[in-house]
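Sequential numbering of the sequence shown, starting at 23, is according to the numbering used here.
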Amino acid sequence: MTTVSTAALARDVASGNVSAEEVLQEHLVRIRAWEPKLGAYLRVLEPEAVAQARAIDAKRGRGEKLGRLAGVPVAVKDNMLVRGVETTAGSRILQGHVAAYDATVVRRMLDEDAVILGQTNMDEFAMGSSTENSAFQVTHNPWDADCVPGGSSGGSAAAVCAGLCSLALGSDTGGSIRQPASFCGVVGLKPTYGRISRHGLIAFASSLDQIGPLARSVEDAALALSVIAGPDPMDSTCAIMPVPDYLNELEAGVKGLRVGLPKEYFVAGLDPEVEAAVRAAVATLGSLGAEVREVSLPHTRYAVSAYYILAPSEASSNLARFDGVRYGRRSARARTLEELYELSRGEGFGPEVKRRIMLGTYALSAGYYDAYYGKAQRVRTLIKGDFSAAFQQVDVIAAPAAPTAAFRLGEKSSDPVAMYLSDVFTIPSSMAGNASLSLPCGRTKGGLPIGLQLIADSFCEGTLLRAAAAYERVNPWSALPEPTRA
Ligand code: GLN
Numbered sequence: 023m024t025t026v027s028t029a030a031l032a033r034d035v036a037s038g039n040v041s042a043e044e045v046l047q048e049h050l051v052r053i054r055a056w057e058p059k060l061g062a063y064l065r066v067l068e069p070e071a072v073a074q075a076r077a078i079d080a081k082r083g084r085g086e087k088l089g090r091l092a093g094v095p096v097a098v099k100d101n102m103l104v105r106g107v108e109t110t111a112g113s114r115i116l117q118g119h120v121a122a123y124d125a126t127v128v129r130r131m132l133d134e135d136a137v138i139l140g141q142t143n144m145d146e147f148a149m150g151s152s153t154e155n156s157a158f159q160v161t162h163n164p165w166d167a168d169c170v171p172g173g174s175s176g177g178s179a180a181a182v183c184a185g186l187c188s189l190a191l192g193s194d195t196g197g198s199i200r201q202p203a204s205f206c207g208v209v210g211l212k213p214t215y216g217r218i219s220r221h222g223l224i225a226f227a228s229s230l231d232q233i234g235p236l237a238r239s240v241e242d243a244a245l246a247l248s249v250i251a252g253p254d255p256m257d258s259t260c261a262i263m264p265v266p267d268y269l270n271e272l273e274a275g276v277k278g279l280r281v282g283l284p285k286e287y288f289v290a291g292l293d294p295e296v297e298a299a300v301r302a303a304v305a306t307l308g309s310l311g312a313e314v315r316e317v318s319l320p321h322t323r324y325a326v327s328a329y330y331i332l333a334p335s336e337a338s339s340n341l342a343r344f345d346g347v348r349y350g351r352r353s354a355r356a357r358t359l360e361e362l363y364e365l366s367r368g369e370g371f372g373p374e375v376k377r378r379i380m381l382g383t384y385a386l387s388a389g390y391y392d393a394y395y396g397k398a399q400r401v402r403t404l405i406k407g408d409f410s411a412a413f414q415q416v417d418v419i420a421a422p423a424a425p426t427a428a429f430r431l432g433e434k435s436s437d438p439v440a441m442y443l444s445d446v447f448t449i450p451s452s453m454a455g456n457a458s459l460s461l462p463c464g465r466t467k468g469g470l471p472i473g474l475q476l477i478a479d480s481f482c483e484g485t486l487l488r489a490a491a492a493y494e495r496v497n498p499w500s501a502l503p504e505p506t507r508a
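So, in structure tokens, the structure goes:
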């Protein structure tokens with residue numbers, strides 16, 4: 023049951039072919055075998071998960087109908103609240119912080135009879151692209167233990183990849199679902215801004231943050247999206263729009279679908295093996311009946327610079343709440359209120375988070391606001407305009423998810439700019455707020471997965487999933503890496 027699709031697993035549990043507890047136990051066995059080498063989970067919630075699985079089996083025993091995720095073991099990135107257990111966003115400052123309520127996405131999965139199996143490792147406050155910024159542990163790539171799993175949802179991507187859960191949740195601010203999905207060879211979907219409630223997500227950059235699923239197939243991602251999307255009175259940024267059943271979109275094929283290749287994404291710095299795999303995938307879409315044409319997104323090259331003004335600015339404001347008074351860590355050395363703030367924050371935040379707070383505070387300060395924050399906002403508007411113009415001509419944009427396959431642990435950790443550049447292809451769609459996903463489209467000679475990114479206009483997740491499903495049907499990717507590789 024650790025290899026079958028989420029949809030099939032839920033059907034088997036709902037029909038009684040297998041119990042939720044058996045499914046859970048199989049995953050726990052696999053976790054015990056893998057976790058010492060992988061480090062994907064910060065916490066495996068074994069007793070809680072066993073209780074949930076038993077409750078689901080009991081419900082079935084009473085003849086009640088089970089939900090769409092019956093008995094599906096789900097891993098949750100550690101920045102989404104799970105009631106009654108520690109939730110830290112990978113940061114020391116939140117060590118010991120016990121969540122008072124469930125994030126809406128967690129609640130919606132539980133309402134469909136999923137089992138919350140544990141919380142996954144991440145870059146501190148989702149700032150990073152390798153999961154190396156976690157305050158607690160390193161996560162290894164299941165395909166090659168010397169490589170990073172990507173980030174910041176690296177734990178979720180690694181857990182899904184290795185079969186340590188059936189489905190995972192991640193969050194994506196500038197690429198944190200799509201980039202680790204591409205590094206681990208799984209499907210990762212960043213929905214349109216406003217498609218999914220963020221109530222209970224620990225905020226990083228509120229105008230960009232989105233929650234989304236990581237899964238081993240397009241169908242599983244579609245199922246997860248159908249469950250967690252939709253309006254939420256607890257999140258005013260969540261769009262009041264109906265949720266289609268995304269599973270119905272998967273069979274439509276790509277005949278006549280217009281696919282755009284943005285010329286600005288095929289530039290120096292793009293690894294030739296990645297480029298070849300992405301171009302081959304686009305040719306496959308063409309052979310399935312899609313019309314492929316070139317498009318231009320002329321402001322792409324300004325996206326990373328603008329993002330690294332906007333995201334840190336928002337972070338500096340969001341993270342001001344962590345002051346040692348209300349949540350998590352409180353310095354034991356403090357004697358005055360001033361010291362309490364200074365020492366709690368100084369001890370609690372890691373170096374990348376401090377760098378972002380300083381960058382953001384600077385960019386927002388009087389005298390610099392217009393030059394940095396204001397200008398970056400205007401660049402964002404131009405980037406949005408690029409996509410709007412492109413979506414007049416095409417239905418879907420195809421591009422690499424990342425410029426390279428997974429890099430080695432430690433390779434970029436001392437060079438923040440090199441790390442920032444691994445999101446060069448995912449940041450523009452985040453800035454525009456539209457929908458995008460990454461799905462596996464091949465491997466390097468060294469055996470590492472390569473991700474194809476597909477981008478669609480806002481609230482066109484159905485089109486995105488339809489194109490991805492058509493590609494996946496002719497290029498299925500099911501093999502799980504074996505534990506011996508790690
Ligand atoms: N790597 C990017 C950053 O560090 C994006 C992170 C994310 O999407 N959460 O900001």
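Virtual Cβ for every residue (Gly too), placed ideally from N, Cα, C.
Values in this document were obtained by computation on a predicted structure and should not be read as measured data.
- By the C-beta criterion, the segment 127-144 is judged not to be in contact with the segment 399-416, since fewer than 3 inter-stretch pairs fall below 8 Å.
- Taking the Cβ of serine 193 as the reference point, at least one heavy atom of the ligand GLN falls within a distance shorter than 7 Å.
- Note on the segment 79-127: whole beta strand (DSSP E) runs with a minimum of 3 residues are 95-99, in chain order.
- Between aspartate 437 and the set Pro171, Val317, Ala490, Pro373, the nearest pair of CA atoms involves Pro373.
- Excluding the 5 residues flanking it on each side, serine 152 has same chain C-beta neighbours closer than 6 Å at Val170, Gly173, in chain order.
- In the three-state reduction of the DSSP assignment, glutamate 316 falls in the strand class.
- In this structure, valine 127 and methionine 102 form a Cβ contact; the two beta carbons are roughly 6 Å apart against a cut-off of 8 Å.
- By the Cβ-count criterion, serine 410 is exposed, with fewer than 16 other Cβ atoms from all chains shown falling within 10 Å of its own Cβ.
- In this structure, the CA atom of aspartate 257 is about 12 Å from the CA atom of glutamine 232.
- For valine 300, the enclosing alpha helix (DSSP H) begins and ends at 294-309.
- Listed in chain order, the non-local C-beta contacts of serine 198 below 6 Å within the same chain comprise Ala148, Ser174, Ser175, local neighbours out to five positions each way being set aside.
- Alanine 42 is positioned such that its CB atom lies no closer than 8 Å to that of alanine 97.
- If you ignore the 5 residues before and after glycine 61, its C-beta comes within less than 7 Å of the C-beta of Asn143, Gln159, Val160, Thr161, His162, all in its own chain and listed in chain order.
- With a cutoff of 7 Å, serine 460 does not count as near the ligand GLN, since its C-beta is closer than that to no heavy atom of the ligand.
- Relative to the ligand GLN, the beta carbon of phenylalanine 226 is positioned inside 7 Å of a heavy atom.
- Just measuring C-alpha positions, the residue of Ala478, Asp100, Gly185, Ser228 sitting nearest leucine 459 is Ala478.
- In this chain, leucine 470 is not harboured by any alpha helix (DSSP H), its DSSP state being neither H nor E.
- Contact annotation: the segment 173-192 does not touch the segment 420-434, with fewer than three C-beta pairs closer than 8 Å.
- Residue pairing of aspartate 166 in beta bridges, as defined by DSSP: Asn163.
- In this structure, proline 425 sits near glycine 291, with a CB-CB distance shorter than 8 Å.
- If you look at lysine 212, you'll find it isn't in any alpha helix (DSSP H); it sits in the beta strand (DSSP E) that goes 209-212.
- Short of 7 Å from the beta carbon of tyrosine 394, and not among the five residues preceding or following it, lie these beta carbons of its own chain, in chain order: Ile331, Ala385.
- When the five nearest sequence neighbours on each side are left out, the beta carbons in the same chain lying within less than 8 Å of the beta carbon of glycine 275 are those of Leu310, Gly311, Arg488, Ala492, in order along the chain.
- The residue among Leu283, Pro255, Glu483, Phe205 with its C-alpha nearest the C-alpha of glycine 222 is Pro255.
- In the structure shown, threonine 142 adopts extended strand secondary structure according to DSSP, grouped into three states.
- Contact check for glutamine 475 and arginine 200: beta-carbon distance about 6 Å, within the 8 Å limit, so the pair qualifies.
- Set against 7 Å, the gap from the CB of aspartate 100 to the closest heavy atom of the ligand GLN is not smaller.
- For serine 444, the closest C-alpha among the options Leu461, Ala423, Ala75 is that of Ala423.
- Taking 7 Å as the cut-off, the C-beta of glycine 150 counts as close to a heavy atom of the ligand GLN.
- In this chain, the alpha helix (DSSP H) harbouring valine 401 covers 397-415.
- Here valine 276 carries a coil assignment [DSSP, helix/strand/coil].
- Per DSSP, the unbroken alpha helix (DSSP H) holding serine 452 starts and ends at 449-454.
- Setting aside the 5 residues that flank it on each side, valine 72 is surrounded in the same chain by Glu43, Leu46, each with a C-beta closer than 8 Å to its C-beta; the list follows chain order.
- A distance below 7 Å between beta-carbons, with the five flanking residues on each side excluded, links serine 228 to the following residues of its chain, in chain order: Glu336, Asn340.
- Relative to the ligand GLN, the nearest heavy atom lies less than 7 Å away from the CB of alanine 333.
- The closest heavy atom of the ligand GLN lies 7 Å or more from the beta carbon of aspartate 437.
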